[in-house]
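Peer 1: Numbers 117 to 486, taken from the numbering used here, label the letters of the sequence shown in order. Glycine included, C-beta positions come from ideal geometry on N, C-alpha and C. The structure that follows is given in the form of structure tokens.
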Amino acid sequence: MSKGQKWDFQSVVSNFEFEGEFIEAKPHGFGHINDTFAVYFRKQDGSTHRYILQRINSNVFKNPEQLMENISGVTRYLREKIIEANGDPLRETLNLIPTKDNRCFYKSPEGDYWRGYIFIENACTYQVVENLGHFNNAGKAFGKFQRLLEGYPADTLHETIPDFHNTKKRYEAFLESVKKDIKGRSAAVKDEIEFVMKRESDTCVLVDLLNEGKLPLRVTHNDTKFNNVMIDNETGEGVCVIDLDTVMPGLSLYDFGDSIRSGANPADEDEKDLSKVYMDLALFEQFTKGFLEQTRDSLTPLEIEYLPFAAKIMTFECGMRFLTDYLSGDTYFKIHREEHNLDRTRTQFKMVADMEEKFDQMKSIVKKYI
Ligand code: ADP
Ligand code: GN1
Ligand code: MG
């Protein structure tokens, strides 16, 4: 291991069925949760190629082995569906690289969990939507993902993060973080705290509809931010949905809502200049059109009715989670500067406020595509 390097990559990669001689590992992507690397190898003919190597965040995911069981099952199932549809299974779903003892993850002596994937080449992820067509295609990709998994045995999936989108429980955790105020930060964020408290009644809406059996539980992705879909460099299509750590039974509304949260904001999630942050209705329309093209026949009237609300509540929930983490000393989301989680909170709340203003227009757009 070279000096200053945190992980012994040579040792980690030697446990996987990677082809060629290991050259180097480079940090890759902008995820908030796992440690992701592009790992480069030289084949016998001298050519180089790369894989994705990830260290699973076991602070966030308490049971990485169950999580890997989910991913392995879901990717195997998707693979069959893609083959049935004459698609390319090496590109349209994640493909795990087995370890030398034929497992889907490697546990290091230090207790770290690692996994390898085929690197999806000629495609990228974007932090911000750069063109309307891309977001339309993201809508199709996430809608198709849900459609393909319609027949997946949901009861075999482990809950990798319990109550992940239980907004009511997220609210309780938020209140607890305000009460404890372990970093003494709450006095300076009174406006943000008040913003959350004013909307307490919103936090029960989806939870109650689910508990009353009015909204169906489906197999959902649960983390459909725009940088979790790979966009093809040539066609602009949403070629592969990635980041499958939170695939669990959930509401279709979570997936729709979280995509709007991340992609319908034309600015960065951590933009400090809030004048750049707003709910872009043209972007909302493109995603809605793509998503409904794939899901309209399976969604219930109530699910369709709640799509605009889902966009708002998922944005609210995410902002509240950033604020909770800020108040708790930034232990969950990776941060790269002081007050990073607070900046993220503010963009989300600006989006929520703007969605409240534009709610009727969002409803009209949904109507256009059903
Ligand atoms: P996190 O859970 O931390 O968000 P992701 O699984 O989303 O981690 O991976 C982080 C980034 O790595 C993605 O946004 C994407 O750019 C890149 N990435 C992940 N898997 C692949 C893959 N199989 N091929 C190419 N790039 C990938
Ligand atoms: C995290 O892993 P990543 O960066 O795709 C988070 C999401 C949040 C998102 C906010 C497992 O997503 O729930 O919406 O950050 N993932 C997890 O950007 O908590
Ligand atoms: Mg991700």
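Assuming the contact rule is C-beta atoms closer than 8 Å, Q170 and R231 should be a hit. Round their C-beta distance to whole Å, please.
Peer 2: Taking the first residue of the sequence shown as position 1, residue 170 is located at position 54. Taking the first residue of the sequence shown as position 1, residue 231 is located at position 115. Confirmed, about 5 Å.
Peer 1: So, is R412 buried or exposed, given that buried needs 16 or more other C-beta atoms within 10 angstroms?
Peer 2: For this step, residue 412 is matched to residue 296 along the sequence shown. Result: exposed.
Peer 1: Considering only C-alpha positions, which residue in the set G373, D384, E454, K388 is nearest to F258?
Peer 2: By one-based count along the sequence shown, residue 258 stands at place 142. The candidate whose alpha carbon is nearest that of F258 is G373.
Peer 1: For S174, which residues of its own chain have a beta-carbon under 7 Å away from its beta-carbon, when the five flanking residues on both sides are left out?
Peer 2: The sequence position of residue 174 within the sequence shown is 58, counting from 1. Answer for S174: P180, Y229, listed in chain order.
Peer 1: Beta-carbon distances below 5 Å to any heavy atom of ligand 1 define the shell here; list its residues in chain order, please.
Peer 2: Result (chain order): G145, G147, I149, N150, T152, I168, Y233, F235, I236, T241, N343, I358, D359.
Peer 1: What is the residue span of the beta strand (DSSP E) that T152 lies within?
Peer 2: For the purposes of this step, residue 152 is taken as the residue at position 36 of the sequence shown. 151 to 158 is the extent of the beta strand (DSSP E) around T152.
Peer 1: Which value, in whole angstroms, describes the spacing of the CA atoms of G445 and D204?
Peer 2: Here the question's residue 445 lines up with position 329 in the sequence shown. Here the question's residue 204 lines up with position 88 in the sequence shown. In a straight line, the C-alpha of G445 is about 44 Å away from that of D204.
Peer 1: Is D476 a contact residue of ligand 2, with contact defined as CB to any heavy atom under 8 Å?
Peer 2: Against the sequence shown, residue 476 aligns to sequence position 360. Checking every heavy atom of ligand 2 against the Cβ of D476, none is found closer than 8 Å.
Peer 1: Using DSSP's beta-bridge definition, name the partner residues of Q170.
Peer 2: On the sequence shown, residue 170 is found 54 positions in, with the first residue counted as 1. Answer is T152, R231, bridged to Q170.
Peer 1: Do you know how far the Cα of D124 is from the Cα of N343?
Peer 2: In the sequence shown, the residue the question calls residue 343 occupies position 227. In the sequence shown, the residue the question calls residue 124 occupies position 8. For N343 and D124, the distance between alpha carbons rounds to 28 Å.
Peer 1: Are three or more beta carbon pairs between the region 207 to 220 and the region 295 to 308 nearer than 8 Å?
Peer 2: no
Peer 1: I92 and T164 look like a contact to me (Cβ under 8 Å); what is the Cβ gap, rounded to whole Å?
Peer 2: Since the first residue shown for the chain is 117 and the last is 486, residue 92 is missing from the structure and cannot be characterised.
Peer 1: Excluding the five sequence neighbours on either side, which residues of its own chain have a C-beta within less than 7 Å of the C-beta of F290, listed in chain order?
Peer 2: Locating residue 290 in the sequence shown gives position 174, counting from the first residue. Apart from sequence neighbours up to five positions away, the residues of its chain that approach F290 with a beta-carbon distance below 7 Å are V312, M436, L439, T440, ordered along the chain.
Peer 1: Classify P424 as buried or exposed, calling it buried when 16 or more other Cβ atoms lie within 10 Å of its own Cβ.
Peer 2: By 1-based counting over the sequence shown, the position of residue 424 is 308. Buried, because 16 or more other Cβ atoms sit within 10 Å of the Cβ of P424.
Peer 1: Out of curiosity, what's the CA-to-CA distance linking R286 and V176?
Peer 2: Counted from its first residue, the sequence shown places residue 286 at position 170. Counted from its first residue, the sequence shown places residue 176 at position 60. Looking at the two C-alpha atoms, the distance is approximately 15 Å.
Peer 1: For C356 and E350, I'd like the C-alpha separation in whole angstroms.
Peer 2: Taking the first residue of the sequence shown as 1, we reach residue 356 at position 240. Taking the first residue of the sequence shown as 1, we reach residue 350 at position 234. So the alpha carbons of these two residues sit roughly 14 Å apart.
Peer 1: Using CA coordinates, which residue listed in F407, V323, V128 is at the minimum distance from P225?
Peer 2: The sequence position of residue 225 within the sequence shown is 109, counting from 1. Taking only the C-alpha atoms, the option nearest P225 is V128.
Peer 1: Please state whether DSSP places V128 in a helix, a strand or coil.
Peer 2: In the sequence shown, residue 128 corresponds to position 12, counting from 1. Here V128 sits in helix by DSSP.
Peer 1: Using a Cβ-Cβ cutoff of less than 6 Å, which residues in the same chain neighbour T319 once the five nearest sequence positions on both sides are dropped?
Peer 2: Start at 1 with the first residue of the sequence shown, and residue 319 comes out as number 203. Beyond the five residues adjoining it in sequence on each side, T319 comes within less than 6 Å, by CB distance, of T283, K284, Y287 in the same chain, given in chain order.
Peer 1: What is the rounded straight-line gap between the Cα of F221 and the Cα of F153?
Peer 2: Translated into the one-based positions of the sequence shown, residue 221 becomes position 105. Translated into the one-based positions of the sequence shown, residue 153 becomes position 37. When rounded, the distance between both Cα atoms is 15 Å.
Peer 1: Let me know if G379 comes out buried or exposed under the rule of 16 or more other beta-carbons within 10 Å of its beta-carbon.
Peer 2: Counting from one through the sequence shown, the residue named residue 379 turns up at place 263. Classification for G379: buried.
Peer 1: Counting along the chain, where does the beta strand (DSSP E) carrying Y143 start and finish?
Peer 2: One-based indexing of the sequence shown puts residue 143 at position 27. Checking the displayed sequence, the identity of residue 143 turns out to be Pro instead of Tyr. That run of the beta strand (DSSP E) goes 137 to 143.
Peer 1: Does the beta carbon of D339 fall short of 8 Å from some heavy atom of ligand 3?
Peer 2: On the sequence shown, position 223 is the one that residue 339 refers to. Yes, ligand 3 has a heavy atom inside 8 Å of this Cβ.
Peer 1: Measuring only the C-alpha atoms, how far is V190 from R158?
Peer 2: Here the question's residue 190 lines up with position 74 in the sequence shown. Here the question's residue 158 lines up with position 42 in the sequence shown. Whole-angstrom Cα-Cα distance: 30 Å.
Peer 1: May I ask whether a heavy atom of ligand 2 can be found less than 8 Å away from the beta carbon of F449?
Peer 2: Mapped onto the sequence shown, residue 449 falls at position 333. Checking every heavy atom of ligand 2 against the Cβ of F449, one is found closer than 8 Å.
Peer 1: In angstroms with no decimal places, state the Cα-to-Cα distance between K330 and D161.
Peer 2: Start at 1 with the first residue of the sequence shown, and residue 330 comes out as number 214. Start at 1 with the first residue of the sequence shown, and residue 161 comes out as number 45. CA-CA distance, K330 to D161, rounds to 59 Å.
Peer 1: Roughly how far, in whole angstroms, is the beta-carbon of N150 from the beta-carbon of T276, given that I think they are within contact range, below 8 Å?
Peer 2: As a working note, residue 150 is residue 34 in the sequence shown. As a working note, residue 276 is residue 160 in the sequence shown. With a Cβ gap of about 12 Å, N150 and T276 do not count as contacting.
Peer 1: Is the beta carbon of V321 sitting closer than 9 Å to the one on N338?
Peer 2: Locating residue 321 in the sequence shown gives position 205, where the first residue counts as 1. Locating residue 338 in the sequence shown gives position 222, where the first residue counts as 1. No, the pair does not count as a contact, with Cβ atoms beyond the cut-off.
Peer 1: Identify, in the order they occur along the chain, each residue of the same chain with its Cβ nearer than 8 Å to the Cβ of K392, setting aside the five sequence neighbours on each side.
Peer 2: Counted from its first residue, the sequence shown places residue 392 at position 276. Taken in chain order, the residues that qualify are P382, A383.
Peer 1: Among the residues of its own chain, which have a CB less than 8 Å from the CB of Q477, if the five just before and after it don't count?
Peer 2: Looking up residue 477 in the sequence shown gives position 361. Closer than 8 Å at Cβ, skipping near neighbours: L397.
Peer 1: Got a sec? Which residues, its chain only, sit under 8 Å from R377 by beta carbon, not counting five neighbours each side?
Peer 2: The residue labelled residue 377 in the question sits at position 261 within the sequence shown. K341, A427, M430, T431, C434, Q464, M467, listed in sequence order.
Peer 1: Give every residue of the same chain whose Cβ lies closer than 6 Å to the Cβ of L491, excluding the five residues on either side of it in the sequence, and list them in chain order.
Peer 2: Residue 491 falls outside the range modelled here, since the chain spans only 117 to 486, and no answer is possible.
Peer 1: Compare the beta carbon distance of F403 and F261 with 9 Å and say whether it is the shorter of the two.
Peer 2: By 1-based counting over the sequence shown, the position of residue 403 is 287. By 1-based counting over the sequence shown, the position of residue 261 is 145. Cβ atoms of F403 and F261: not closer than 9 Å.
Peer 1: Flag E385 as yes when its Cβ comes closer than 8 Å to any non-hydrogen atom of ligand 2, and as no otherwise.
Peer 2: Walking along the sequence shown from the start, residue 385 turns up at place 269. Answer for E385: yes, Cβ within range of ligand 2.
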